[in-house]
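Please read the structure below before turning to the comments.
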Amino acid sequence: RAVETLEWNGRHADELSVPIPLGPNRMIVPEPLGVVAAFTPWNYPAVLIARKLAPALAAGCPVILKGAEETPSVAVHIVESLRQA
Numbered sequence: 005r006a007v008e009t010l011e012w013n014g015r016h017a018d019e020l021s022v023p024i025p026l027g028p029n030r031m032i033v034p035e036p037l038g039v040v041a042a043f044t045p046w047n048y049p050a051v052l053i054a055r056k057l058a059p060a061l062a063a064g065c066p067v068i069l070k071g072a073e074e075t076p077s078v079a080v081h082i083v084e085s086l087r088q089a
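The opening residue of the sequence shown carries number 5 in the working numbering; numbering runs sequentially from there.
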């Protein structure tokens, strides 16, 4: 599920940056809002981390991830995998 979430958001990332016309003289231009703080619980750590990371990264926002103390290696492995991608 975590990989599927990351892949889906990656495929749809371009849609988040498309300007939306509102008439002849107005347009919404999507921009990243800033840093996202992602605090994740211990249950289903990979899926819940992916659900927080994927949309934020797809929107162009940097993320500070605080993985659960009970499952720290899961967050480390996901971040390392994203760095290598």
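The beta carbon of each residue, even a glycine, is placed where N, CA and C say it ideally should be.
Note: Lys-70 is bridge-paired with Phe-43 in the DSSP secondary-structure output.
When Leu-57, Ser-77, Val-83, Pro-76 are compared, the shortest CA-CA separation from Gly-14 is found for Leu-57.
Around the beta carbon of Gly-71, 16 or more other beta carbons sit within 10 angstroms, so the residue counts as buried. One alpha carbon belongs to Glu-35, the other to Ser-21, and they sit about 7 Å apart. For Ala-62, the enclosing alpha helix (DSSP H) has its first and last residue at 49-62.
For Pro-25, the secondary structure class from DSSP, reduced to helix, strand or coil, is strand.
Apart from the 5 residues on each side of it in sequence, Val-39 sits with its Cβ closer than 8 Å to the Cβ of Cys-65, Pro-66, Val-67, Ile-68 in its chain, given in chain order.
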